[in-house]
């Protein structure tokens with residue numbers, strides 16, 4: 001969104017943990033621009049609403065970018081050996097005008113060949129079926145109702161923060177915790193953990209990974225896999241104590257897949273019965289040693305630790 005060279009003022013950016021929406025607001029000249037985003041479980045899309053308070057001032061270019069040196073594609077790919085697994089994906093967006101001049105909706109969807117044989121066709125079909133701008137309020141309410149049905153099950157009250165603490169920005173409040181207890185920001189951190197689990201671990205999905213499925217990198221750090229010598233387990237620590245047991249289903253399904261592969265790893269590596277996994281796995285439930293971080297390569301207890309999750313449940 002171009003603002004004709006003017007510097008933005010009164011810039012604000014926020015995450016509303018209560019209804020799982022994020023927003024941006026700023027002024028450029030005499031115009032105030034506002035954006036709201038949410039990833040909707042009921043519709044399976046990321047939805048954005050862009051607004052301006054001055055008629056005719058909302059103008060923007062929309063494009064998808066993989067980052068420097070990675071914005072390329074291949075018309076086709078084929079496996080070169082029995083162990084090659086070609087993966088493709090498609091992503092797209094649909095723009096729907098609400099009232100033409102001051103607000104516009106953007107619907108975003110993507111699929112990979114892991115889920116759809118023809119991801120491009122799936123993206124096109126779902127975006128074509130996306131409601132127009134008049135249905136925004138209904139789609140937003142569906143999103144909020146779905147999220148709050150889980151989020152509102154638990155609350156944490158540690159007391160009231162001071163007025164001075166409430167007037168600080170979030171990063172300043174976190175820094176200030178080293179010198180003074182801030183009960184409301186600690187409770188917010190508790191809620192943030194639940195928000196992350198609700199947003200990343202739903203029925204039919206994969207468990208939350210290291211970098212998240214919406215990270216900005218085409219080749220994310222550590223392959224954005226599942227580190228199972230603590231990271232994946234920590235993601236699910238809030239699930240039982242905050243009454244979110246159904247969110248553990250993706251983890252249970254991954255563990256069961258790992259058991260199948262881990263049985264073969266235990267037999268081939270140690271001529272042992274049972275099943276085992278090392279410190280890392282992926283969406284194919286790989287249980288073999290990983291070579292990305294040498295000091296963890298020979299750690300053989302990943303599946304045993306994950307099994308404790310099943311016992312707790």
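In the UniProt record's numbering, the protein residues as written are 1 to 313. Heads up, the beta-carbon is just placed ideally off N, CA and C, and yes, glycines get one too.
Query, Result
"Residue 236 in three-state terms, based on DSSP", "coil"
"Residue 284 to residue 277 span [Cα, whole Å]", "13 Å"
"Three-way DSSP call (helix, strand, coil) for residue 49 in this model", "strand"
"Cβ contact check for the stretch 249–264 and the stretch 286–300: 3 or more pairs under 8 Å", "yes"
"Residue 111 (DSSP reduced to helix, strand or coil)", "strand"
"Sub-9 Å separation of residue 46 and residue 37 beta-carbons", "yes"
"Beta carbon of residue 309 nearer than 9 Å to that of residue 246", "no"
"Sequence ranges, alpha helix (DSSP H) only - wholly within the stretch 166–238, length at least 4", "170–176, 183–200, 231–235"
"Buried versus exposed call for residue 138 [16 or more other C-beta atoms within 10 Å across all chains shown]", "exposed"
"Straight-line gap, residue 53 to residue 136 (C-alpha atoms, nearest Å)", "18 Å"
"Identity of the residues DSSP links to residue 103 by a beta bridge", "51"
"Extent of the continuous beta strand (DSSP E) to which residue 91 belongs", "89–97"
"Residue 228 beta carbon less than 9 Å from that of residue 280", "yes"
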